[in-house]
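> Per the UniProt record's numbering, the sequence shown runs over residues 1 to 465.
Beta carbons: idealized from backbone N, C-alpha and C, even for Gly.
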Amino acid sequence: MDRIFLDLALLTIVTQLFFFFAFFFFSKTNKLNLPAGSKGWPIIGEMWDYIQAGRLGAPQSFFLERMANHSPNVFRTKLLGQDMAVFCGPAGNKFIYTKENKYVASWIPSHLSKKNGSLAIYPSLSSSLRDQPEALKEYIPMMDAMAKDQLEEHWAPHKEVKAFLLAKTYSYTFGCNLLMSVKDPKHIARMYGPFKEMVSGLSSLPIKFPGTPFNRAVKASRIISEEIMAVVKQRRREIMESQETAIRTDILGKLLEGSEDDGMVCKRIVGFLLGSYHTVSIAITFTISHIAQYPDVYESVFQEQMEIARSKAAGEPLNWQDIQKMKYSWCVVCESMRLMPPSKGSFREAITDFTYEGVTIPRGWKTHWTVHTTHKNPKYFPEPEKFDPSRFEGKGPAPYTFVPFGGGPRMCPGREYARLEILSFIHNVVTKFKISKVDPNEKVIYRNSPFPANGLLIRLEPVGN
Ligand code: HEM
């Protein structure tokens, strides 16, 4: 009897404490002048509308409609189960980029960041790539050689190819080579299955149950981590045994010079592989798609690249000066990334209450910056659906309106690597093949990023025929 009495008393105290803290929390939040917007449905929030906008081929409409209805500066929503403030337009982008660690800090959905039973793949800050611009120049001949090899092996024997599929193979093989000098085709192929499985888990529902894509992805991420850990350990041994600098020239070698343990180095390599795989292959695919679609664009890219090719001796690889001459081709890549952004943007967490444009963002809320508030906004890009590379000539778009790589201290550390990789590939494609689309009306599907519904089937004719 005493025991029941004690339990009841304890329950009453716990309940009262709960209501006290709930009242305290809600009254505090209610007093704040929160951004206008909607929390949507219980639990799922506005996730359904967000996914639906992507399904209809216009992910930007979710954001542009709310900017028109609530505020062009910042609105509230609920996505990924989180209260979220979406920062809009160039001013919103700039604010988030420049307030890192003052008001906001990086935030990654928990199923992608927790260690146990999840895809623990994202390292925090990736300084190792950020301080590499000079070193990257030295990789250009290797990038050129890899593009040539890939085209010779996977494109040249065919009359038609699925460009998206091959751009992914290229980007992955390229990553294995440049990041950790894994060149053996058998080794690369062995890791590709689990790697693809792990990638598909990133956009699946985080349900960890036998047979679900997420569960398979978690298992695959363990296999990949083990494979890459073996490479890291092997390299560590080589560095200890010999003092040769040659084994430090790739990104793994540079990482191992730092003070991080092997586990963190391994995570960073996986993070870089993932960071580059989809983004670069999407940028390459849609650049090829636009070149093949618009004859005038094709002609200008072709002339620019042929002039570079003609200026070189037989067998002489591309170099830094050649890449600098690819100005028009880079405008075409940028306009492709404006219309088909490889990454939609990213999230942060408010680390303190702060005010922006007269509203308060409470500590703990998530914030989102996204390309979708500017890239197809007619205020910044007139006739936003029109493919027009000349937007990037001269001064180019207004600051913080074209943001495929983000901005500020967390701006993509791989952007220069991506520029060199994409341009080397495009150079080799257009100087080798005349390309045309088999289905000019192929649909584009959006999951996290856009991709061609049928893989972008391209017809190839050798240049000169
Ligand atoms: C067209 C290609 C690419 C695009 C559009 C792209 C875009 C982005 C974006 C938008 C972010 C998030 C920035 C933010 O949080 O504000 C990011 C982060 C990142 N990217 Fe890229 N990226 C590309 C290529 C690459 C490549 C080639 C690599 C590696 C070699 C890479 C590695 C990373 C890493 C490690 C991060 C996380 C940085 C951090 O947390 O501080 N990316 N990228």
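Does DSSP classify Val403 as helix, strand or coil?
Val403 falls in the coil class under three-state DSSP.
> On a Cα-Cα basis, can you pick out the residue from Ile228, Lys395 and Phe354 that is closest to Asn101?
Cα-wise, what sits closest to Asn101 is Phe354.
> Go ahead and label residue 468 buried or exposed: buried means 16 or more other beta carbons lie within 10 angstroms of its beta carbon, across all protein chains shown.
A query on residue 468 cannot be resolved here, the shown segment of the chain reaching from 1 to 465 and no further.
> Taking the alpha carbon of Leu165 as the reference point, which residue from Pro462, Val463, Gly464 and Phe451 has its own alpha carbon closest?
Nearest C-alpha to Leu165: Phe451.
> Ends of the alpha helix (DSSP H) at Glu385?
Segment: none, Glu385 is in no alpha helix (DSSP H) and carries neither H nor E.
> Find the nearest neighbour of Lys434 within the set Asp250, Pro397 and Tyr298, judged by alpha-carbon distance.
For the residues Asp250, Pro397 and Tyr298, the minimum Cα distance to Lys434 belongs to Tyr298.
> Of the residues Glu138, Ser225 and Gln321, which one's Cα is nearest the Cα of Asp250?
When each option's Cα is compared against that of Asp250, the closest is Glu138.
> Looking only at C-alpha atoms, which of Thr287, Ala189 and Ile239 sits nearest to Leu456?
When each option's Cα is compared against that of Leu456, the closest is Thr287.
> Going by Cα to Cα distance, which pick from Lys183, Arg222, Leu179 and Phe87 is closest to Lys196?
Per the Cα distances, Arg222.
> Pick helix, strand or coil for His278, following the three-state DSSP scheme.
His278 falls in the helix class under three-state DSSP.
> To the nearest angstrom, how far is it from the Cα of Gly89 to the Cα of Arg363?
Their backbone Cα atoms lie some 22 Å apart in a straight line.
> Any heavy atom of the ligand HEM inside 7 Å of the beta-carbon of residue 473?
With the chain covering only 1 through 465, there is no way to say anything about residue 473.
> Shorter than 8 Å from the beta carbon of Asn454 to some beta carbon of chain C?
Although the question refers to chain C, the structure presented lacks it and comprises just one protein chain.
> If you measure from the CB of Gly258, is any heavy atom of the ligand HEM nearer than 7 Å?
No, the Cβ of Gly258 stays beyond 7 Å of every heavy atom of the ligand HEM.
> Check whether the Cβ of Val199 sits closer than 7 Å to any heavy atom of the ligand HEM, and report yes or no.
No, the Cβ of Val199 stays beyond 7 Å of every heavy atom of the ligand HEM.
> Between Pro59 and the ligand HEM, is the CB less than 7 Å from at least one heavy atom?
No, the ligand HEM has no heavy atom inside 7 Å of this Cβ.
> Can you list, in chain order, the residues of its chain with a C-beta nearer than 7 Å to that of Ala350? Leave out the 5 residues immediately preceding and following it.
Closer than 7 Å at the Cβ level, and outside the excluded window around Ala350, lie Tyr103, Val104, Ile361, Pro362, Arg363, Gly364, Trp365 and Thr367.
> Tell me whether Ala147 is buried or exposed, calling it buried when 16 or more other Cβ atoms sit within 10 Å of its Cβ.
Flag for Ala147 reads buried.
> For Phe221, report the span of its alpha helix (DSSP H) as first-last.
In the sequence as displayed, the identity of residue 221 is Ser instead of Phe. Pro213 to Glu241 is the extent of the alpha helix (DSSP H) around Ser221.
> Go through the stretch 418-451 residue by residue and report every complete run of the beta strand (DSSP E) that reaches 3 residues or more, in order.
Listed in chain order, they are 433-437 and 444-446.
> Would the beta-carbon of Phe425 be found less than 7 Å away from any heavy atom of the ligand HEM?
Phe425 Cβ: outside cutoff for every heavy atom of the ligand HEM.
> Looking only at its chain, what residues have a beta carbon closer than 7 Å to the beta carbon of Phe23, apart from the 5 residues adjacent to it on each side?
With a pLDDT of 48 at Phe23, under the threshold of 50, the modelled position of that residue is not reliable, and the figure given next carries that caveat. Within the same chain, Phe23 has no close Cβ partners at all.
> Let me know if Phe209 comes out buried or exposed under the rule of 16 or more other beta-carbons within 10 Å of its beta-carbon.
Its Cβ having fewer than 16 others within 10 Å, Phe209 is exposed.
> By how many angstroms is the C-alpha of Thr173 removed from the C-alpha of Met191?
C-alpha separation (whole angstroms): 10 Å.
> Using a Cβ distance threshold of 8 Å, determine whether the stretch 72-87 contacts the stretch 294-311, with at least three qualifying pairs required.
Touching, no.
> Name the residue from Gly271, Glu160, Ser424 and Gly175 whose alpha carbon lies nearest to the alpha carbon of residue 466.
Given that the chain is displayed from residue 1 to residue 465, the structure contains no residue 466 and the question cannot be resolved.
> With DSSP as the reference, identify every bridge partner of Gly345, one or two as the case may be.
Bridge partners of Gly345: Thr370.
> Can you tell me whether Met337 sits near the ligand HEM, meaning its C-beta is under 7 Å from at least one heavy atom of the ligand?
Checking the Cβ of Met337 against the ligand HEM gives yes.
> Which residue wins for smallest C-alpha separation from Ile239, given the options Pro384, Leu255 and Met47?
With distances taken between Cα atoms, Ile239 lies closest to Leu255.
> Terminal residues of the continuous beta strand (DSSP E) containing Thr77?
Start and end: Val74 to Leu79.
> Should the stretch 427-442 be called in touch with the stretch 150-166, which here means at least 3 C-beta pairs below 8 Å?
Taking 8 Å as the limit for Cβ pairs, the verdict is that the stretch 150-166 does touch the stretch 427-442.
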